Amino acid sequence: MYKELRIGKIKSKEEKQMATRIFDEKALAKGYPIQPRDIDWEKDFLSIFSPTPTANAARTLGKLALEKGGWDPFTREEIRKFSGSLLFCGLSGGDTSSAEKLIVLGKDGKYRYTEEFIRLCHLASLTVK
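Per UniProt numbering, the sequence shown starts with residue 1, numbered consecutively.
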């Protein structure tokens, strides 16, 4: 059902479209091939996300997904309760028009993970440090 994204820079139009797909539906969020449990959230994410606050924000958001058991949308209240803050450090954007936005805010007020965020986190957890 899903094509595997190449690790590294997004090259094709199809990969860019896949990277910006947002996880809205619980079935898709639970059924995606890479799940939060497949990523080592204790690794140093600086190899992919820089500077340090961005790497820490990515790990925190990933740990929230791990606690929830999938890539389900989350609210400001949930992330504040989970981490004590609401710092996305360049990971989020207001709409879905750019592949640069790794966490997006939906019209319903919930934040969503993009495939690119998941791919980058998975890549970071594979990096040996």
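Glycine included, every Cβ here is placed at the ideal spot set by N, Cα and C.
Computed from a predicted model, the values in this text were never measured in an experiment.
Item: Bridge partners - Thr75, DSSP secondary structure assignment; Value: Answer by DSSP bridge pairing: none, since Thr75 is not bridged.
Item: Exposure label - Glu42; buried when at least 16 CB within 10 Å; Value: exposed
Item: Per-residue DSSP class, three states only, for Ile118; Value: helix
Item: Cutoff 9 Å: Phe49 Cβ touching any chain C Cβ; Value: Absent here is chain C; the protein component of the structure consists of one chain.
Item: Nearest-angstrom Cβ-Cβ length linking Thr60 and Gly109, presumed shorter than 8 Å; Value: No, Thr60 and Gly109 are not in contact; Cβ-Cβ is about 19 Å, not under 8 Å.
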